[in-house]
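**Student:**
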Amino acid sequence: MKTLPNSKTNAATALAAFLFLCALACVSISLVQPPRAVPESAPPAEFSSARAMKHVREMARAPHPTGSLECERVRRYILDELGALGVSAEVQDASSVPATARPGRPLMAARVRNIVARVPGTANAGKALMLAAHYDSVPTGPGASDDGAGVAALLETLRGLKSGPPLKDDLILLITDGEELGLLGARAFAEGHAWMKDVGLVLNFEARGAGGPSMMFETSEGNGALIREMAAAAPYPVASSLMYAVYKRLPNDTDMTVFKGAGAAGLNFAYADRITSYHTALDSADVLDERSLQHHGSYALALARRFGDLDLRDLSSPDAIYFNAFGTIFLHYTESWVVPLAALVFLLFVGVMFAGLRQGLLSARGIAAGSASFLVASVVAVLLTAGVWRVARVLHAGYTVLPWRTPYEKWPYEIGFVLLALAAFALVYARLFRGTSAANLAAGALLWWLVLLLLTTALLPLGSFVFAWPLLFALLGFAFVVARGGGSFESGKGLAITTLSAIPGVVMLAPLVYMFFMMLGLELCGPFMLMVVLLAGLLVPHFRVLVARRRWLVPAVAALAGLGFVVVGLMLAGSDARQRKTNSMLYFLDADSARAEWVSTDASPDEWTSQFIGAGATNESLEAIFPWSKQTDRKADAPAAALAPPDVQVLDDRTEGDVRTLRLRLSSPRRAPVLIFYTDAGADIRRATIDGKSLLGDAGGAVEMQTNAGADQQRVLRVSFSAPPPEGLELLLETGAAARLRLSVEDLSFGLPEITGQTFRPRGSDMMPAPSYFTSNTTLVKKTFGFEPAARR
6 MKTLPNSKTN AATALAAFLF LCALACVSIS LVQPPRAVPE SAPPAEFSSA RAMKHVREMA
66 RAPHPTGSLE CERVRRYILD ELGALGVSAE VQDASSVPAT ARPGRPLMAA RVRNIVARVP
126 GTANAGKALM LAAHYDSVPT GPGASDDGAG VAALLETLRG LKSGPPLKDD LILLITDGEE
186 LGLLGARAFA EGHAWMKDVG LVLNFEARGA GGPSMMFETS EGNGALIREM AAAAPYPVAS
246 SLMYAVYKRL PNDTDMTVFK GAGAAGLNFA YADRITSYHT ALDSADVLDE RSLQHHGSYA
306 LALARRFGDL DLRDLSSPDA IYFNAFGTIF LHYTESWVVP LAALVFLLFV GVMFAGLRQG
366 LLSARGIAAG SASFLVASVV AVLLTAGVWR VARVLHAGYT VLPWRTPYEK WPYEIGFVLL
426 ALAAFALVYA RLFRGTSAAN LAAGALLWWL VLLLLTTALL PLGSFVFAWP LLFALLGFAF
486 VVARGGGSFE SGKGLAITTL SAIPGVVMLA PLVYMFFMML GLELCGPFML MVVLLAGLLV
546 PHFRVLVARR RWLVPAVAAL AGLGFVVVGL MLAGSDARQR KTNSMLYFLD ADSARAEWVS
606 TDASPDEWTS QFIGAGATNE SLEAIFPWSK QTDRKADAPA AALAPPDVQV LDDRTEGDVR
666 TLRLRLSSPR RAPVLIFYTD AGADIRRATI DGKSLLGDAG GAVEMQTNAG ADQQRVLRVS
726 FSAPPPEGLE LLLETGAAAR LRLSVEDLSF GLPEITGQTF RPRGSDMMPA PSYFTSNTTL
786 VKKTFGFEPA ARR
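Quick note: the sequence shown uses this note's numbering, first residue 6, plus one each step.
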């Protein structure tokens with residue numbers, strides 16, 4: 006292949022342009038950040054994160070899971086703060102029993118205590134606006150971000166609203182309990198509170214980390230009007246319809262899932278950076294980025310004022326496409342533009358390619374070679390980054406005991422993976438089809454952009470903008486070069502035009518790569534690099550010029566730099582008070598055999614767990630303790646602590662025909678906050694209720710089961726009930742008259758027991774409990790009760 010006479014100059018131009026676009030990508034990412042924190046001295050009408058942080062610090066003093074004494078303290082605090090604002094609040098006390106269980110888990114039910122308040126509006130003629138967050142935490146974390154920040158944002162927003170003129174619409178404040186157990190508080194409100202039918206719009210606030218921008222990541226269907234109003238009112242909107250399209254396909258949910266299911270429109274907000282804090286001891290007020298709380302509040306106050314003065318009776322309108330460009334510049338348009346825009350881009354692509362073919366700049370064979378080059382570059386980039394990450398996981402110190410198996414310092418890996426993807430891209434274009442012109446190679450890359458645009462237009466229209474706008478501008482630049490009549494893509498002018506036409510793609514895709522890393526971690530680093538390769542595909546002429554003289558230089562430098570950043574990530578590994586490793590320990594007492602065990606789900610012992618379980622312990626199944634679990638554990642004998650076992654009292658036992666009805670009272674003499682009970686496969690359960698609510702389905706609270714000789718047709722009851730009342734739970738079971746019923750009851754409390762005569766070292770400052778509701782820092786006492794059929798008694 007011949008190089009141009011001014012190849013050195015062109016290489017310098019290409020390098021300068023590439024560095025400019027890299028800098029632009031960094032600036033675009035840096036602009037997708039939460040706003041600055043606002044001090045306590047801010048005017049009363051303004052949201053102040055400093056004022057809200059006082060609430061966070063008070064609520065997040067300790068973990069406060071549903072049913073715990075700390076949960077009661079937090080509830081009293083919130084009620085007192087609402088009273089101080091002059092708002093009368095009530096506690097909705099209800100049993101929440103969902104119709105189905107999540108796969109691999111028992112049916113999660115609870116006695117929840119939601120905090121509900123209503124501020125009347127001046128019009129009081131339409132639907133109400135509801136602000137929602139949850140106040141319970143997991144037992145392994147104090148819940149500063151999840152969801153103390155959400156509750157604090159609501160309290161500070163309510164204070165700000167009270168300082169100004171009242172809203173036209175009624176304002177409902179719902180602070181739910183039992184969210185961490187499976188949205189149980191939201192279910193109780195939606196199914197049992199009279200105010201749910203009044204709700205027109207819900208603004209819900211959540212978190213999945215300890216910092217980062219608060220993103221509006223979920224809306225209700227027909228969101229065009231919501232997006233339009235949010236764009237007009239929110240001072241720092243960060244959102245993407247692609248994010249929402251992806252979220253809808255993930256098995257995740259929040260309280261918003263329940264509210265949408267009840268017919269309310271909604272906007273859901275969360276920040277998600279530093280996931281290592283999520284559900285761990287690091288979810289504390291000291292770790293929480295106050296700017297993220299300010300971002301929550303900027304939405305809550307501005308949107309409450311905006312929507313609180315609108316008619317919320319009919320918010321439905323065609324879905325919107327929306328996204329950020331260059332920071333908080335928020336663009337949106339109706340979904341009806343998707344197909345016409347795709348058609349326009351398609352016609353422009355065909356026209357530009359036809360013009361290039363007529364002028365001899367392009368050839369069918371050359372475009373095919375360009376398409377193949379881009380495909381190979383994509384595959385190599387994905388395989389290289391995924392392979393390096395697999396090796397890094399093995400080398401990363403303590404990786405298996407990191408929270409969520411995510412390095413605390415992700416940024417070196419993220420930069421390293423981007424550089425490795427670019428190295429792979431440069432290597433492919435340095436080695437393959439070297440006789441093919443830059444124009445043909447660029448056209449082949451743009452062909453893949455077009456394919457992805459057409460696919461997303463058909464299958465994922467809310468995400469089609471990712472390909473439509475960058476490709477549109479790239480084609481305009483391509484057309485300009487073609488229109489110059491034989492102009493070269495590798496000349497200085499050609500490189501400049503290509504650079505300018507790539508700017509929209511950079512400012513749109515670079516922040517998306519950053520946000521996907523932030524939300525989903527490093528495990529999907531390979532697929533994320535497809536976005537990097539797509540961006541590189543807009544700069545094919547630059548890569549061709551850079552590898553024209555020294556084919557190995559650019560790939561080698563990029564690869565070495567990428568590996569260097571990966572090494573930095575490995576060097577930053579290790580544990581201390583800020584970067585803690587996790588471990589688990591469960592104390593299990595079988596009251597029937599008076600035998601106790603220490604149980605850990607960790608793969609191997611560490612300096613803390615080894616005092617309970619030695620290195621010689623073997624891996625066993627956790628099914629003996631939790632029959633639904635597929636997890637393995639390590640066990641060692643433990644002293645039997647003086648812990649009263651759960652109790653079952655028979656209130657009624659009668660048999661009529663072939664049906665036996667048992668009415669039982671299940672209780673925990675030691676007042677444990679969780680009662681777990683389950684039957685064996687031969688129980689022939691036909692109907693089961695707890696406090697009058699069905700445990701076997703949603704048909705009016707009572708599901709009749711068809712008897713069958715096959716055991717696979719029989720119900721196996723598995724229930725975990727949190728916050729049972731002091732007097733216990735009333736369980737009604739209908740079984741076959743001849744069935745032998747064995748009911749195992751376990752009560753679970755948070756924390757390990759004190760055992761007479763034994764002292765154990767506390768965890769080191771570089772450790773914390775693993776994020777788990779059942780197996781981390783818990784005490785479980787089990788007792789089995791047998792109920793013989795009448796013929797055998």
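Ideal Cβ positions, reconstructed from N, Cα and C, are used throughout, including at glycine. Keep in mind it's a predicted model, so treat the numbers as computed, not measured.
1) Is the stretch 314–328 close to the stretch 243–260, with three or more CB pairs under 8 Å?
2) Terminal residues of the continuous beta strand (DSSP E) containing residue 784?
3) Hey, residue 722 and residue 684: beta-carbon distance below 8 Å or not?
4) Rounded to whole angstroms, what is the Cα-Cα separation between residue 141 and residue 70?
5) By how many angstroms is the C-alpha of residue 203 removed from the C-alpha of residue 662?
6) Tell me which residues share the same chain as residue 282 and place their Cβ nearer than 7 Å to its Cβ, disregarding the 5 neighbours each side in the sequence.
7) Identify every run of the alpha helix (DSSP H) within the stretch 603–664, keeping only runs that are complete inside it and at least 4 residues long; order them along the chain.
8) On the three-state DSSP scale, how would you describe residue 413?
9) Taking C-beta to C-beta, are residue 207 and residue 274 nearer than 8 Å?
10) On the DSSP bridge assignment, give the partners of residue 329 in chain order.
11) Is the Cβ-Cβ distance between residue 179 and residue 92 less than 8 Å?
12) Report the three-state DSSP secondary structure of residue 181 (helix, strand or coil).
13) Under a Cβ-count criterion, where at least 16 other Cβ atoms within 10 Å of its own Cβ denotes burial, should residue 76 be classed as buried or exposed?
14) Start and end of the alpha helix (DSSP H) containing residue 106?
15) Report buried or exposed for residue 586, applying the criterion of at least 16 other Cβ atoms within 10 angstroms of its Cβ.
16) Taking the alpha helix (DSSP H) that residue 502 falls in, what are its first and last residues?
17) Comparing C-alpha positions only, which one of 115, 160, 16 and 403 sits nearest to residue 579?
18) Do residue 735 and residue 639 have their C-beta atoms within less than 8 Å of each other?
19) Decide if residue 334 is buried, meaning its Cβ has at least 16 other Cβ atoms within 10 Å, or exposed.
20) Terminal residues of the continuous beta strand (DSSP E) containing residue 4?
21) What does a CB cutoff of less than 8 Å around residue 67 pick up in its chain, not counting 5 residues either side in sequence?
22) Inspect the beta-carbon positions of residue 576 and residue 217 and report whether they are closer than 8 Å.
23) Is residue 534 closer than 8 Å to residue 37 when the C-beta atoms are compared?
24) Inspect the beta-carbon positions of residue 254 and residue 729 and report whether they are closer than 8 Å.
25) I'd like to know whether the C-beta atoms of residue 176 and residue 112 end up nearer to each other than 8 Å.
26) According to the neighbour-count rule (16 or more other Cβ atoms, all chains shown, within 10 Å of its Cβ), is residue 628 buried or exposed?
27) Out of 589, 732, 72 and 353, point me to the one whose CA is closest to residue 773's CA.
28) Assign residue 155 to one of three DSSP states: helix, strand, or coil.
29) Go ahead and label residue 731 buried or exposed: buried means 16 or more other beta carbons lie within 10 angstroms of its beta carbon, across all protein chains shown.
30) Just to confirm the assignment: which complete alpha helix (DSSP H) runs, minimum length 4, are found wholly within the stretch 15–76?
31) In whole angstroms, what separates the C-alpha of residue 557 from that of residue 152?
32) Residue 376 lies in the alpha helix (DSSP H); which residues open and close that run?
33) So is residue 323 buried or exposed if we call it buried at 16+ other beta carbons inside 10 Å?
34) Can you check which of these residues, 41, 689 and 487, is closest to residue 295 by C-alpha distance?
35) Taking residue 659 as the reference, which of 343, 25 and 794 has the closest Cα?
36) Is the beta carbon of residue 549 less than 8 Å from the beta carbon of residue 612?
**Tutor:** From the atom records:
1) Remark: three or more beta-carbon pairs, one from each stretch, lie closer than 8 Å, so the stretch 314–328 and the stretch 243–260 are flagged as touching.
2) Position 779 of the sequence shown holds residue 784. Per DSSP, residue 784 belongs to the beta strand (DSSP E) from 783–792.
3) Counting from 1 along the sequence shown, the entry for residue 722 is found at position 717. Counting from 1 along the sequence shown, the entry for residue 684 is found at position 679. Closer than 8 Å, so yes.
4) Indexing the sequence shown from 1 puts residue 141 at position 136. Indexing the sequence shown from 1 puts residue 70 at position 65. Cα to Cα, residue 141 sits roughly 5 Å from residue 70.
5) Here residue 662 refers to the residue found at position 657 of the sequence shown. Here residue 203 refers to the residue found at position 198 of the sequence shown. Those two C-alpha atoms are separated by around 47 Å.
6) In the sequence shown, residue 282 corresponds to position 277, counting from 1. Excluding positions up to five away in sequence, the list reads 150, 214, 215, 288 and 292.
7) none
8) On the sequence shown, residue 413 is found 408 positions in, with the first residue counted as 1. Residue state, collapsed to three classes: coil.
9) On the sequence shown, position 202 is the one that residue 207 refers to. On the sequence shown, position 269 is the one that residue 274 refers to. Contact check for residue 207 against residue 274 fails: the beta carbons are separated by 8 Å or more.
10) Taking the sequence shown and counting its residues from 1, one reaches residue 329 at position 324. Answer is 335.
11) As a first step, residue 179 is located in the sequence shown; it is residue number 174 there, counting from the start. As a first step, residue 92 is located in the sequence shown; it is residue number 87 there, counting from the start. For residue 179 and residue 92, no; Cβs fall outside 8 Å.
12) The residue you call residue 181 lines up with position 176 of the sequence shown. It is a strand residue.
13) Taking the first residue of the sequence shown as 1, we reach residue 76 at position 71. That one is buried.
14) Along the sequence shown, read from residue 1 onward, the residue named residue 106 stands at position 101. Here residue 106 belongs to no alpha helix (DSSP H), and DSSP marks it neither H nor E.
15) Taking the first residue of the sequence shown as 1, we reach residue 586 at position 581. It counts as buried.
16) Here residue 502 refers to the residue found at position 497 of the sequence shown. Here the alpha helix (DSSP H) through residue 502 covers 497–525.
17) Residue mapping note: residue 579 aligns to position 574 of the sequence shown, counting from 1. The option with the nearest alpha carbon to residue 579 is 403.
18) Here the question's residue 735 lines up with position 730 in the sequence shown. Here the question's residue 639 lines up with position 634 in the sequence shown. No. Outside cutoff.
19) Within the sequence shown, residue 334 is the residue found at index 329, counting from 1. By the C-beta density criterion, residue 334 is exposed, having fewer than 16 other C-beta atoms within 10 angstroms.
20) Nothing in the structure corresponds to residue 4, since the chain is present only between 6 and 798.
21) The residue given as residue 67 occupies position 62 in the sequence shown. Here residue 67 has 75 and 147 as same chain residues with Cβ atoms under 8 Å from its own Cβ, once five neighbours each way along the sequence are excluded.
22) Counting from one through the sequence shown, the residue named residue 576 turns up at place 571. Counting from one through the sequence shown, the residue named residue 217 turns up at place 212. No. Outside cutoff.
23) Position 32 of the sequence shown, counted from the start, is the residue given in the question as residue 37. Position 529 of the sequence shown, counted from the start, is the residue given in the question as residue 534. Result no, Cβ atoms of residue 37 and residue 534 do not sit closer than 8 Å.
24) In the sequence shown, counting from the first residue as 1, residue 254 sits at position 249. In the sequence shown, counting from the first residue as 1, residue 729 sits at position 724. A distance of 8 Å or more separates the beta carbons of residue 254 and residue 729.
25) Mapped onto the sequence shown, residue 176 falls at position 171. Mapped onto the sequence shown, residue 112 falls at position 107. Not closer than 8 Å, so no.
26) Here residue 628 corresponds to residue number 623 of the sequence shown, with the count starting at 1. By the 10 Å Cβ count, residue 628 comes out exposed.
27) The residue given as residue 773 occupies position 768 in the sequence shown. Closest by alpha carbon: 589.
28) The sequence position of residue 155 within the sequence shown is 150, counting from 1. It is helical.
29) What you label residue 731 is simply residue 726 of the sequence shown in a count that begins at 1. That one is exposed.
30) 54–64
31) Along the sequence shown, read from residue 1 onward, the residue named residue 557 stands at position 552. Along the sequence shown, read from residue 1 onward, the residue named residue 152 stands at position 147. About 51 Å.
32) Taking the first residue of the sequence shown as 1, we reach residue 376 at position 371. Per DSSP, residue 376 belongs to the alpha helix (DSSP H) from 369–400.
33) In the sequence shown, the residue the question calls residue 323 occupies position 318. The residue in question, residue 323, is exposed, as its Cβ has fewer than 16 Cβ neighbours within 10 Å.
34) Stepping through the sequence shown from its first residue, residue 295 is reached at position 290. Out of 41, 689 and 487, the CA that lies nearest to the CA of residue 295 is found in 41.
35) Indexing the sequence shown from 1 puts residue 659 at position 654. Residue 794 is the option with its Cα nearest to residue 659.
36) Along the sequence shown, one-based indexing puts residue 549 at 544. Along the sequence shown, one-based indexing puts residue 612 at 607. Contact flag unset, no.
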